[in-house]
Amino acid sequence: MLELLAYLRAHDFKTFIVSGGGIEFIRSFSETRYGIPPEQVGGTSIVTKYETRDGQPVLVRQATVNFYDDRADKPVGIHTFIGRRPIAALGNSDGDFAMLEWVAGGTRPRFALIVHHDD
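Letter by letter, the sequence shown follows residues 2 to 120 of my numbering.
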């Protein structure tokens, strides 16, 4: 995977991670592990509110899901946060099918691949 990401970036592709996992968790390691900065990561998010506590501004996570980035919602999240249909997408679960279908359905040449592991 690291080699593929390096190859794509060397050929002027912008790479993203779009996951059903928690966006804050994935952002914590995406840059050091994959070379993908936090602003190029999408994922499931939790409602977060701004508050002032003891005179200090803080962001406080709530006990509510803001956006669940899986299945049919995954292409919606890509459209909402990235703003364009990717020309290539790779997935590794049934939850990626809608994303891959949407990417492959574009009018220009597209690439959609699933590595469906069973471990």
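Even for Gly, the Cβ is constructed at its ideal location relative to N, Cα and C.
Query raised in the report: Bridge partners of T65, per DSSP?
Result: The residue given as residue 65 occupies position 64 in the sequence shown. None, per the DSSP bridge assignment.
Query raised in the report: Just checking, does the region 50–59 make contact with the region 10–20 on the three C-beta pairs under 8 Å criterion?
Result: no
Query raised in the report: Once you ignore the five residues that flank R10 on each side, which residues in its own chain have a CB closer than 8 Å to its CB?
Result: Along the sequence shown, one-based indexing puts residue 10 at 9. These residues qualify, in order along the chain: T16 and G36.
Requested in this report: Drop a sphere of 10 angstroms on the beta-carbon of D13, count the other beta-carbons inside from all chains shown, and report buried for 16 or more, exposed for fewer.
Outcome: Within the sequence shown, residue 13 is the residue found at index 12, counting from 1. Answer is exposed; the Cβ neighbour count stays below 16.
Query raised in the report: K50 bridges to which residues according to DSSP?
Result: Indexing the sequence shown from 1 puts residue 50 at position 49. V61, per the DSSP bridge assignment.
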